[in-house]
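Trainee: Would you mind keeping the following structure in view while I ask a few things?
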Amino acid sequence: MHNPLPLDGTGEKKVVRTAVLFMGLAHLLWLRDTVKGLLFAAVEIFYIFMIPSIGKKLIDLVTLGSPQPELPIKMRDNSIFMLIDGILTIVLLIVFITLYIISVRSARQGYREYCRKKRPMTMGESFSTTLSKAFPVVGLTPSFLLILVLVVVPLIFSASVAFTNYSAPDNIPPNNTVDWVGLANFKTLLGGEASWTSGFVRVATWTVIWAFFATLTCYFGGLFVAILLRESKIRLVPFFRLIFILPYAVPSVVSMLVWRNLLNGTFGTINRTLMALHIIDTPIPWLGDPLLAKIVVILINLWAGFGYFMLLATGAMTAVSQDIFEAARIDGASRFQVLRHITLPLVLYQTMPLIIMSFTYNINNFGAIFFLTGGSPTVADSTITSAGGTDILVTWIYKLTITLLKYNYASVIAVLIFLVLAPFAVFNFRQTKAFKEGDL
Amino acid sequence: MKDTLKKRKNYRVIEEINTTITMIIFIIISLFVLYPLVYVVSAAFSPGTGIASVNIIPFGDGFTAKHFVRLFTETLYGRWFLNTLYIATSTSLLTVLITSIAAYAYSRFNFSLKKPFLMSYLILQIFPSFVGMVAIYVILLRINGLDTLWGLVLVYVAGNLPYNTWLVKNYMDTVSRNLDEAARIDGAGHFRIFFSIMLPVAKPVISFLAITSFTAPWMDYIFPRMVLRSVEKQTLALGLFGFVTDKKNEFTTFAAGSLIVAIPFIIFFLLSQRFMVNSFSGAAVKE
Chain A
3 MHNPLPLDGT
13 GEKKVVRTAV
23 LFMGLAHLLW
33 LRDTVKGLLF
43 AAVEIFYIFM
53 IPSIGKKLID
63 LVTLGSPQPE
73 LPIKMRDNSI
83 FMLIDGILTI
93 VLLIVFITLY
103 IISVRSARQG
113 YREYCRKKRP
123 MTMGESFSTT
133 LSKAFPVVGL
143 TPSFLLILVL
153 VVVPLIFSAS
163 VAFTNYSAPD
173 NIPPNNTVDW
183 VGLANFKTLL
193 GGEASWTSGF
203 VRVATWTVIW
213 AFFATLTCYF
223 GGLFVAILLR
233 ESKIRLVPFF
243 RLIFILPYAV
253 PSVVSMLVWR
263 NLLNGTFGTI
273 NRTLMALHII
283 DTPIPWLGDP
293 LLAKIVVILI
303 NLWAGFGYFM
313 LLATGAMTAV
323 SQDIFEAARI
333 DGASRFQVLR
343 HITLPLVLYQ
353 TMPLIIMSFT
363 YNINNFGAIF
373 FLTGGSPTVA
383 DSTITSAGGT
393 DILVTWIYKL
403 TITLLKYNYA
413 SVIAVLIFLV
423 LAPFAVFNFR
433 QTKAFKEGDL
Chain B
136 MKDTLKKRKN
146 YRVIEEINTT
156 ITMIIFIIIS
166 LFVLYPLVYV
176 VSAAFSPGTG
186 IASVNIIPFG
196 DGFTAKHFVR
206 LFTETLYGRW
216 FLNTLYIATS
226 TSLLTVLITS
236 IAAYAYSRFN
246 FSLKKPFLMS
256 YLILQIFPSF
266 VGMVAIYVIL
276 LRINGLDTLW
286 GLVLVYVAGN
296 LPYNTWLVKN
306 YMDTVSRNLD
316 EAARIDGAGH
326 FRIFFSIMLP
336 VAKPVISFLA
346 ITSFTAPWMD
356 YIFPRMVLRS
366 VEKQTLALGL
376 FGFVTDKKNE
386 FTTFAAGSLI
396 VAIPFIIFFL
406 LSQRFMVNSF
416 SGAAVKE
């Protein structure tokens, strides 16, 4: 059979041009890689059929629909569906472009192979090479689809909502439409409307204070207990260690809800006990006073969290080589000196990355706040912002979404948290085994 | 001679004081730690309903098992338990299957865009999952996944995929390629190699993955609250939370229900404590 393609590599331009013209055309026409060619062509044909709907979705993404109060609710434009569909369409287009690039590259590679072999592929070869490359494609498709639809698209969506007015009462589909508003939400929260801005600043400040103290108390509490357990000569050490781990093993929903009831201002057990013992006359509003509630929240978090750091510090201490202690003892170091100059620095060095990890964890520690206080007590701006005295940004996002339906503000806060946490997250990841040992 | 004796005696006194102080500290911490736990157990068996009616002395009101009976007869506790078990099991199985096969592909094959994909996983895993909450709601609404258990399972599986894939891929990278090479010479296909060689060898990291993805859904609150609406589709965390909302206060029933979930967790945790801490720190931080 006559094949006009030169064997000396000069035909590359021609092959690439054909490949660019239509996906898979080069495979079919020149390289006789029939199976792959047909697959690529099928993809392009599929997308060509989609063009009208892709175009419509993209236009919808820009306009987000127009208000149609004259129509019944079910037939009105639903801006949120338009937004999601638009984002999905863009993602699909990116997938298409990627596939196109892959197909052109594959054609070029196929041509080089052809020059080497001096003949086009047979049907059998085409079938078997495609099959051998099928495994990664088949294996990755489920995870790729899941990540795309339930991780990537939601993230882009959230970021986009921050630039719309998607909020109750006037812009909730399907009754009404949503519009792009640019940076208006950022302006309101960061320096516009009095109660929103002051609420945001208050919650953000408390979030940082909370994360700082929650991390430090747990870290040093755990370290202190671990050292005491190691240095003491009490026989019951394993028993105490077991008790101290218990809070960490109890699911936080359970333990926090229990504390919430024990600390209840009017009929909580702690107040009733203290009153029965005549230590206090009037109930203490443990979770009712803004300042006291904040202190209590940090203390209860210490209850829940010190066991984790105790375990880690214990692990780090046992990992320290015995030779060092032996050497120190021979040099005449006292037990305190060994602790101060050998054990502590080593443990601190090893667990330091965990402090930062724990800090970022606490910034987003929904359970510790939501189940214990639910964000209460109410403060000055609570009626408008719904954020209480102990609310941190995450629990506030939750309230804005579920109760107030202010999706736009919730998204702005989520975007801001991300911008602040991203450097920490990168740092965390650089500490992990996955990063250090993994080759990209 | 006398001097050293005196010194030794002094030393022993100091030692004893130290031990006593440590002991006191330990007892105080233990009381602080055990107080709420003892209280849950006592409330679970106490006859009253609300927190206000529970005696301030643990086990001071006598002993009854009626809350446990009530949980299974008058509330949907059994249903919630089964729902949660279903979600946890499916999440665990799907996570293991999808993650390990993707990790195998990343570890053993070269294909176009492998590096950009892996890089984007890294970037994706730094976002907390609640960021996309509203969008996940709308997407589930569009694929009829709202108020279904499988919808929630998909959310859990997808949310942890990027990080888990890295974790398993890195483990597989350390497994010698001679093994699969030998199998390939013997004529085994990729699927065969994956199931009969790679999976057994990667057992430690796979079981870690299975355990963490099984335990996580038990006490999650945000996503079930958002996805599951009807009463008979609730999970344990939602149901338990419902007992102690501001509207009703059934603390004793809550305590009984919590006890049933928490005890297996505690036993399992104490048994696997060493293994878990090692894997946690091992997976998270390199010494």
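Protein chains in written order, with my numbering: chain A, 3 to 442; chain B, 136 to 422. For each residue, glycine too, the CB sits at the ideal point set by N, CA and C.
Do tyrosine 239 (chain B) and methionine 354 (chain B) have their beta-carbon atoms positioned less than 8 Å apart in this structure?
Mentor: Working through the second sequence from its first residue, we reach residue 354 (chain B) at position 219. Working through the second sequence from its first residue, we reach residue 239 (chain B) at position 104. No, they are not a contact pair.
Trainee: Which first and last residues belong to the alpha helix (DSSP H) in which tyrosine 272 (chain B) is found?
Mentor: As a working note, residue 272 (chain B) is residue 137 in the second sequence. Looking at the DSSP string, the run of the alpha helix (DSSP H) that includes tyrosine 272 (chain B) is 268-277.
Trainee: So threonine 370 (chain B) and isoleucine 222 (chain B) are supposed to be a Cβ contact under 8 Å. How far apart are they, rounded?
Mentor: The sequence position of residue 370 (chain B) within the second sequence is 235, counting from 1. The sequence position of residue 222 (chain B) within the second sequence is 87, counting from 1. That belief holds up - the Cβ atoms of threonine 370 (chain B) and isoleucine 222 (chain B) are roughly 7 Å apart, short of 8 Å.
Trainee: Look up valine 182 (chain A) in the DSSP assignment and give the residues it is bridged to.
Mentor: Taking the first residue of the first sequence as position 1, residue 182 (chain A) is located at position 180. It is tryptophan, not valine, that sits at residue 182 (chain A) in the sequence shown. Partner(s): A:Thr166.
Trainee: In its own chain, which residues sit with a C-beta less than 7 Å from the C-beta of threonine 36 (chain A), not counting the 5 before and 5 after it?
Mentor: Translated into the one-based positions of the first sequence, residue 36 (chain A) becomes position 34. Leu30, Met125 and Ser128, listed in sequence order.
Trainee: Ignore the nearest five residues each way along the sequence and tell me which others in leucine 394 (chain B)'s own chain have a CB closer than 8 Å to its CB.
Mentor: What you label residue 394 (chain B) is simply residue 259 of the second sequence in a count that begins at 1. For leucine 394 (chain B), where only same-chain residues beyond five positions count, the Cβ hits under 8 Å are Val175, Val176 and Ala179.
Trainee: State buried or exposed for valine 417 (chain A), treating a residue as buried only when at least 16 other CB atoms are found within 10 Å of its CB.
Mentor: By one-based count along the first sequence, residue 417 (chain A) stands at place 415. With 16 or more other Cβ atoms within 10 Å, it is buried.
Trainee: Take arginine 205 (chain B) and list the residues in its own chain whose beta-carbon comes closer than 7 Å to its own, dropping the five residues that flank it on each side.
Mentor: As a working mapping, residue 205 (chain B) is identified with position 70 in the second sequence. Only Thr388 meet the Cβ criterion.
Trainee: Considering only residues of the same chain and omitting the five flanking positions on each side of lysine 304 (chain B), which have a CB-CB separation below 7 Å?
Mentor: The sequence position of residue 304 (chain B) within the second sequence is 169, counting from 1. Closer than 7 Å at Cβ, skipping near neighbours: Ala238, Tyr241 and Ser242.
Trainee: Go ahead and label glutamate 151 (chain B) buried or exposed: buried means 16 or more other beta carbons lie within 10 angstroms of its beta carbon, across all protein chains shown.
Mentor: By 1-based counting over the second sequence, the position of residue 151 (chain B) is 16. It counts as exposed.
Trainee: Here's a check: name, in chain order, each residue in its chain whose Cβ is nearer than 6 Å to the Cβ of phenylalanine 372 (chain A), leaving out the five neighbours to either side.
Mentor: Along the first sequence, read from residue 1 onward, the residue named residue 372 (chain A) stands at position 370. Answer for phenylalanine 372 (chain A): Thr397, listed in chain order.
Trainee: Nearest to serine 169 (chain A) by CA position, among A:Tyr411, A:Val428 and A:Gln111, is which residue?
Mentor: Counting from one through the first sequence, the residue named residue 169 (chain A) turns up at place 167. Nearest option by C-alpha distance: A:Tyr411.
Trainee: Which residue comes first and which comes last in the alpha helix (DSSP H) that contains isoleucine 226 (chain A)?
Mentor: For the purposes of this step, residue 226 (chain A) is taken as the residue at position 224 of the first sequence. Correcting the residue identity first, residue 226 (chain A) is phenylalanine in this sequence and not isoleucine. 196-233 is the extent of the alpha helix (DSSP H) around phenylalanine 226 (chain A).
Trainee: Could you give the uninterrupted runs of the alpha helix (DSSP H) lying entirely in the region 209-246 of chain B, keeping only those of 4 residues or more?
Mentor: You should have 212-243.
Trainee: Can you give me the Cβ contacts of methionine 3 (chain A) inside the same chain, cut-off strictly under 7 Å, excluding the 5 residues immediately before and after it?
Mentor: Taking the first sequence and counting its residues from 1, one reaches residue 3 (chain A) at position 1. Any reading at methionine 3 (chain A) must be qualified, since the residue scores a pLDDT of 43, below 50, and its modelled position is unreliable; no value is offered.
Trainee: Below 9 Å between beta carbons is the criterion; list the residues of the region 88-116 of chain A that meet it against any residue of chain B, in chain order.
Mentor: Answer in chain order: Ile89, Leu90, Thr100, Ile103, Ile104, Arg107 and Ser108.
Trainee: Just to check my reading of the structure: phenylalanine 308 (chain A) and valine 256 (chain A) have Cβ atoms closer than 8 Å, yes? What is that Cβ distance to the nearest angstrom?
Mentor: The sequence position of residue 308 (chain A) within the first sequence is 306, counting from 1. The sequence position of residue 256 (chain A) within the first sequence is 254, counting from 1. The Cβ separation is near 18 Å, so there is no contact.
Trainee: Look at the Cβ atom of proline 379 (chain A), then the Cβ atom of proline 292 (chain A), and state whether they are nearer than 8 Å.
Mentor: The residue you call residue 379 (chain A) lines up with position 377 of the first sequence. The residue you call residue 292 (chain A) lines up with position 290 of the first sequence. In contact: proline 379 (chain A) and proline 292 (chain A) (Cβ atoms closer than 8 Å).
Trainee: Report yes if the CB atom of isoleucine 149 (chain A) is closer than 8 Å to the CB atom of leucine 296 (chain B), and no otherwise.
Mentor: Translated into positions along the first sequence, residue 149 (chain A) becomes position 147. Translated into positions along the second sequence, residue 296 (chain B) becomes position 161. Cβ distance < 8 Å, so isoleucine 149 (chain A) and leucine 296 (chain B) count as in contact.
Trainee: May I ask you to report which of helix, strand or coil DSSP gives isoleucine 332 (chain A)?
Mentor: Counted from its first residue, the first sequence places residue 332 (chain A) at position 330. Of the three classes helix, strand and coil, the one that applies to isoleucine 332 (chain A) here is helix, per DSSP.
Trainee: With a 10 Å radius around its C-beta and 16 neighbouring C-beta atoms as the bar for buried, classify valine 340 (chain B) as buried or exposed.
Mentor: If you number the second sequence from 1, residue 340 (chain B) lands on position 205. The residue is buried, with at least 16 neighbouring Cβ atoms inside 10 Å.
Trainee: What ranges does the alpha helix (DSSP H) occupy inside the region 350-382 of chain A, keeping only unbroken runs of at least 4 residues that lie completely in it?
Mentor: Fully enclosed alpha helix (DSSP H) runs of 4 or longer: 368-372.
Trainee: Under 8 Å by Cβ, that's how I've got alanine 109 (chain A) and leucine 157 (chain A) pegged, so tell me the actual separation to the nearest angstrom.
Mentor: Counting from one through the first sequence, the residue named residue 109 (chain A) turns up at place 107. Counting from one through the first sequence, the residue named residue 157 (chain A) turns up at place 155. Their Cβ separation, rounded to whole angstroms, is 34 Å, which puts alanine 109 (chain A) and leucine 157 (chain A) out of contact at 8 Å.
Trainee: Flag serine 169 (chain A) as yes if its beta-carbon sits less than 8 Å from any beta-carbon of chain B, otherwise no.
Mentor: As a first step, residue 169 (chain A) is located in the first sequence; it is residue number 167 there, counting from the start. Judged by the 8 Å Cβ criterion, serine 169 (chain A) is not in contact with chain B.
Trainee: Apart from the five residues on each side of it in sequence, which residues of its chain come closer than 7 Å, Cβ to Cβ, to glycine 112 (chain A)?
Mentor: Numbered from 1 along the first sequence, position 110 holds the residue referred to as residue 112 (chain A). Around glycine 112 (chain A): His29, Leu33 and Asp35.
Trainee: Here's the rule: buried if 16 or more other CB atoms are within 10 angstroms of the residue's CB, otherwise exposed. What is leucine 244 (chain A)?
Mentor: The sequence position of residue 244 (chain A) within the first sequence is 242, counting from 1. When all chains shown are included, leucine 244 (chain A) counts as exposed.
Trainee: Which word fits lysine 144 (chain B), buried or exposed, when buried means at least 16 other C-beta atoms lie within 10 angstroms of its C-beta?
Mentor: Taking the first residue of the second sequence as 1, we reach residue 144 (chain B) at position 9. So lysine 144 (chain B) counts as exposed.
Trainee: Work out the CA separation of threonine 20 (chain A) and glutamate 46 (chain A) for me, nearest whole Å.
Mentor: For the purposes of this step, residue 46 (chain A) is identified with residue 44 of the first sequence, where counting begins at 1. For the purposes of this step, residue 20 (chain A) is identified with residue 18 of the first sequence, where counting begins at 1. Looking at the two C-alpha atoms, the distance is approximately 14 Å.
Trainee: Hey, is the region 293-303 of chain A in contact with the region 152-164 of chain B, meaning 3+ C-beta pairs nearer than 8 Å?
Mentor: Contact between the region 293-303 of chain A and the region 152-164 of chain B is absent, because fewer than three Cβ pairs lie under 8 Å.
Trainee: Rounded to whole angstroms, what is the Cα-Cα separation between lysine 235 (chain A) and phenylalanine 242 (chain A)?
Mentor: Translated into the one-based positions of the first sequence, residue 235 (chain A) becomes position 233. Translated into the one-based positions of the first sequence, residue 242 (chain A) becomes position 240. One C-alpha to the other measures close to 13 Å.
Trainee: Any idea what DSSP makes of glutamate 14 (chain A), helix, strand or coil?
Mentor: As a working mapping, residue 14 (chain A) is identified with position 12 in the first sequence. Here glutamate 14 (chain A) sits in helix by DSSP.
Trainee: Please return the same chain residues whose Cβ sits closer than 8 Å to the Cβ of valine 203 (chain A), not counting the five positions on each side in sequence.
Mentor: Here residue 203 (chain A) refers to the residue found at position 201 of the first sequence. So no residue of the chain qualifies.
Trainee: Taking a contact to mean a Cβ-Cβ separation below 8 Å, would you say isoleucine 191 (chain B) touches arginine 262 (chain A) in this structure?
Mentor: For the purposes of this step, residue 191 (chain B) is identified with residue 56 of the second sequence, where counting begins at 1. For the purposes of this step, residue 262 (chain A) is identified with residue 260 of the first sequence, where counting begins at 1. Going by C-beta atoms, isoleucine 191 (chain B) is not nearer than 8 Å to arginine 262 (chain A).
Trainee: Just to confirm before moving on: does the CB-CB distance between tyrosine 212 (chain B) and glycine 322 (chain B) stay below 8 Å?
Mentor: Counting from one through the second sequence, the residue named residue 212 (chain B) turns up at place 77. Counting from one through the second sequence, the residue named residue 322 (chain B) turns up at place 187. Against a cut-off of 8 Å, the Cβ pair of glycine 322 (chain B) and tyrosine 212 (chain B) comes out as no contact.
Trainee: Could you say which of A:Thr166, A:Cys117 and A:Trp288 lies nearest to valine 64 (chain A) if we only look at CA atoms?
Mentor: In the first sequence, counting from the first residue as 1, residue 64 (chain A) sits at position 62. It is A:Thr166.
Trainee: Are the beta-carbon atoms belonging to serine 145 (chain A) and threonine 224 (chain B) less than 8 Å from one another?
Mentor: Numbered from 1 along the first sequence, position 143 holds the residue referred to as residue 145 (chain A). Numbered from 1 along the second sequence, position 89 holds the residue referred to as residue 224 (chain B). No.
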